[in-house]
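Accompanying notes for the structure given below.
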Amino acid sequence: MNVSPTTTRNWERIFLIAEVFVIFALFYGLALQISWHYDVSEHPHFMAAYRVLSPMLMPMVYAFLGASMFLIFASPFFLRSLRSVAVRAWIIGAGSILCAGFLCFVLR
């Protein structure tokens with residue numbers, strides 16, 4: 211199978227976008243987790259941050275899971291043509307699921 215450089219570049223960009231989204235979603239979850247502990251009247255700035263971040267939690271969780279599953283399940287199909295990109299995508303996808311589990315179950 212002969213893959214054009216344009217197709218390869220487009221797949222690299224798709225993987226990069228998914229990786230960046232997953233990493234930012236983990237930081238979003240971490241910020242929400244930290245601000246949740248300070249959601250008291252003595253910390254009005256943290257209360258404001260928590261109230262801004264909390265309504266977007268479930269859409270972010272679903273998008274995060276979708277992007278992580280894409281990275282985990284789609285990257286092995288590109289091991290031949292995009293070796294380093296596919297391996298990096300799989301590592302970030304698997305690591306993000308582990309970090310999300312840590313955020314959800316250990317830090318509660």
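Take 211 as the starting number for the sequence shown in our numbering and just add one per residue. Cβ atoms here follow ideal geometry from the backbone N, Cα and C, with glycine treated the same way.
Minimum C-alpha distance to residue i - residue among the options
{"i": "Glu229", "options": "Leu313, Leu308 and Gly303", "result": "Gly303"}
{"i": "Met257", "options": "Met266, Ser245 and Leu267", "result": "Ser245"}
{"i": "Phe237", "options": "Met270, Thr218 and Met279", "result": "Met270"}
{"i": "Val235", "options": "Phe315, Cys309 and Val316", "result": "In the sequence as presented, Val is not what sits at residue 235; that position holds Ala. Selected option, being the one with the closest Cα: Cys309."}
{"i": "Ser264", "options": "Ala241, Pro254 and Pro286", "result": "Ala241"}
Inter-residue CB distance, residue i and residue j (contact presumed, cutoff 8 Å)
{"i": "Thr218", "j": "Ser291", "result": "6 Å"}
Whole-angstrom distance between residue j and residue i, CA atom to CA atom
{"i": "Arg298", "j": "Met266", "result": "28 Å"}
{"i": "Glu252", "j": "Ala284", "result": "46 Å"}
{"i": "Val295", "j": "Phe231", "result": "16 Å"}
{"i": "Leu281", "j": "Ile224", "result": "10 Å"}
{"i": "Met268", "j": "Gly239", "result": "11 Å"}
{"i": "Arg261", "j": "Phe312", "result": "23 Å"}
{"i": "Ile233", "j": "Ile227", "result": "10 Å"}
{"i": "Cys314", "j": "Gln243", "result": "9 Å"}
Proximal residues to residue i (C-beta, below 7 Å), its chain only, five neighbours per side dropped
{"i": "Leu275", "result": "none"}
{"i": "Met221", "result": "Looking at the sequence shown, residue 221 is not Met but Trp. The residues are Phe288 and Leu292."}
{"i": "Ile307", "result": "Ser278"}
{"i": "Val316", "result": "none"}
Any non-hydrogen atom of the ligand SAH closer than 7 Å to residue i Cβ
{"i": "Pro254", "result": "In the structure on display, the ligand SAH does not appear, and there are no ligands present to speak of."}
Cβ shell of residue i (< 6 Å), same chain only, five flanking positions each side left out
{"i": "Met279", "result": "none"}
Contacts around residue i, its chain only, beta-carbon distance under 8 Å, and the 5 residues preceding and following it disregarded
{"i": "Trp300", "result": "Leu281, Ile282, Ser285 and Pro286"}
Chain D contact for residue i (CB, 8 Å cutoff)
{"i": "Ile227", "result": "Considering every chain present, this structure includes no chain D. It has just one protein chain."}
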